[in-house]
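Structure first, then comments.
Protein chains: 2
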Amino acid sequence: MKIGELAKATDTQVETIRFYEQEGLLPKPARTEGNFRIYGQQHLQRLTFIRHCRSLDMALNEIRQLLRFKDLPNENCGSVNNLLDAHIQTVTNRIKDLRQLEKQLKGLRELCQANQDSAHCGILNELSQPVKSL
Amino acid sequence: MKIGELAKATDTQVETIRFYEQEGLLPKPARTEGNFRIYGQQHLQRLTFIRHCRSLDMALNEIRQLLRFKDLPNENCGSVNNLLDAHIQTVTNRIKDLRQLEKQLKGLRELCQANQDSAHCGILNELSQPVKSL
DNA sequence: TAAAAAGCCTATAGTAGCTATAGAGTCAAG
DNA sequence: CTTGACTCTATAGCTACTATAGGCTTTTTA
Numbered sequence: 001m002k003i004g005e006l007a008k009a010t011d012t013q014v015e016t017i018r019f020y021e022q023e024g025l026l027p028k029p030a031r032t033e034g035n036f037r038i039y040g041q042q043h044l045q046r047l048t049f050i051r052h053c054r055s056l057d058m059a060l061n062e063i064r065q066l067l068r069f070k071d072l073p074n075e076n077c078g079s080v081n082n083l084l085d086a087h088i089q090t091v092t093n094r095i096k097d098l099r100q101l102e103k104q105l106k107g108l109r110e111l112c113q114a115n116q117d118s119a120h121c122g123i124l125n126e127l128s129q130p131v132k133s134l
Numbered sequence: 001m002k003i004g005e006l007a008k009a010t011d012t013q014v015e016t017i018r019f020y021e022q023e024g025l026l027p028k029p030a031r032t033e034g035n036f037r038i039y040g041q042q043h044l045q046r047l048t049f050i051r052h053c054r055s056l057d058m059a060l061n062e063i064r065q066l067l068r069f070k071d072l073p074n075e076n077c078g079s080v081n082n083l084l085d086a087h088i089q090t091v092t093n094r095i096k097d098l099r100q101l102e103k104q105l106k107g108l109r110e111l112c113q114a115n116q117d118s119a120h121c122g123i124l125n126e127l128s129q130p131v132k133s134l
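Listed in order, the protein sequences are those of chains S and R.
Position 30 of the first sequence, counted from 1, bears residue number 30 in this note's numbering, the numbering being contiguous throughout.
Position 58 of the second sequence, counted from 1, bears residue number 58 in this note's numbering, the numbering being contiguous throughout.
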């Protein structure tokens, strides 16, 4: 399978695949005589794994760790659980932050309902004040 | 006021201030004989505005636009409202995405409660499957 | 008064995870 | 045999900073 086919099969950009190789997430594949990369089922599976993790917003470093566990099938998988728990916590925290932010933004938005001139715009005036919270 | 004082007054890193200058968000200040930057009240106010916007997670480009409106006090501020509305929408969407993600991650986490060996870990196995949704 | 410490300067590279570009080579179809 | 699609490497760009190196200025301390 050439890189374009692998790209289609995993819904990934060609450049991204080369980038993962460079990052050591995907092993270097064999090459044709014309120097084209040739991939097999193992690559397909590994890239599928990576993309699935990315769709869950995991960092490449987290994925690197998960791949290490996958490569050592006799290891205890408690670390996988830990990693996932930590990631869930990160996401939960981020949601909390964003909700807070949303509230602030909506409050700010209410300061100017009319279309007046900038000099009297409640939003611009408020933004000129020092940050209070957050 | 020297750069360090401005940094303290606005709770900003010195490097960040120089970066804003380079980006054209802060006007170039006067210099002392020894080539140190000297800031006045205007700089303080402008940086306060920028930092306030950043604390609301606005992009530098959005801030650039807001600054333009601020600099033209006779302009109609309808664009300010539009910009803010768009930003609120972005944040709201991001929250929605993250909630969905959180759900998926928690579902994934339930696939492995025990500490077994990696080869039988429900999480690693699931991650090896192609992405279905999202 | 001299030396040490703190602060400032510029220029450059690194962070994350790609995306885009340039310029060249390879391959299949018409 | 030429066109077009695909591939190759190397490099730069994106965001918003942060960090580093190496050198100057100013302030503090002995």
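Glycine is no exception: its CB is placed at the ideal position from the N, C-alpha and C atoms.
Per the C-alpha coordinates, the member of R/E15, R/D117 and R/Q42 positioned closest to S/D71 is R/D117. Around the beta-carbon of R/H87, 16 or more other beta-carbon atoms lie within 10 Å, marking it buried.
For R/Q41, the enclosing alpha helix (DSSP H) begins and ends at Q41 to S55. The beta-carbon distance between R/T12 and R/L66, rounded to whole angstroms, is 18 Å. This is too long to meet the 8 Å contact definition. Taken in chain order, the complete alpha helix (DSSP H) segments of 4 or more residues contained in the region 60 to 97 of chain R are 60 to 71. Under the 7 Å criterion on CB atoms, S/A59 is classed as non-interfacial with respect to chain R. Contact of R/E110 with chain S is not assigned, every C-beta pair being separated by 7 Å or more.
Under the 7 Å criterion on CB atoms, S/E102 is classed as interfacial with respect to chain R. Sequence-distant Cβ neighbours of R/L111 in its own chain, meaning closer than 7 Å and more than five residues away, are G122, I123 and E126. Note on geometry: alpha-carbon atoms of R/Q41 and R/R54 lie some 20 Å from one another. When only Cα atoms are considered, R/H52 and S/S128 end up about 8 Å apart. Taking all protein chains in view, the Cβ of R/R68 is surrounded by fewer than 16 other Cβ atoms within 10 Å, so the residue is classified as exposed. For S/F49, the number of other beta carbons within 10 angstroms of its own is at least 16, and it is reported as buried. Contact with chain S is found for R/Q116, since one of that chain's Cβ atoms lies less than 7 Å from the residue's Cβ. Counting only runs of 4 or more residues that sit fully inside the region 97 to 127 of chain R, the alpha helix (DSSP H) segments are 122 to 127, in chain order. For a Cβ distance threshold of 8 Å, residue set L56, L84, H87, I88 and V91 of chain R lies close to S/L105, ordered along the chain.
Closest in alpha carbon position to S/E23, among S/A119, S/A59, S/L105 and S/C77, is S/A59. Of the other Cβ atoms in all chains shown, 16 or more fall within 10 Å of the Cβ of R/H43; this residue is therefore buried. Between the region 91 to 99 of chain R and the region 16 to 35 of chain S there are fewer than three inter-stretch CB-CB distances shorter than 8 Å, so the stretches are not counted as touching. Using a 10 angstroms sphere on the CB of S/A7, the tally of other CB atoms reaches 16 or more, which defines it as buried. Contacts with chain S at 7 Å (Cβ-Cβ) do not include R/S79. For R/P73, the nearest CB of chain S lies under 7 Å from its own CB, placing it at the interface with that chain. Across the structure, R/T32 and R/T92 are spaced so that their CA atoms are roughly 46 Å apart.
Judged by their CB atoms, R/L101 and S/D57 are nearer to each other than the 7 Å cut-off. Per DSSP, the beta bridge partners of S/I38 are S/A30. Within the same chain, Cβ atoms closer than 7 Å to the Cβ of R/G4 are found at V14, the five residues on either side in sequence being excluded. Rounded to the nearest whole angstrom, the CA to CA distance from S/T90 to R/K106 is 12 Å. Bounds of the alpha helix (DSSP H) holding R/Q22 are V14 to Q22.
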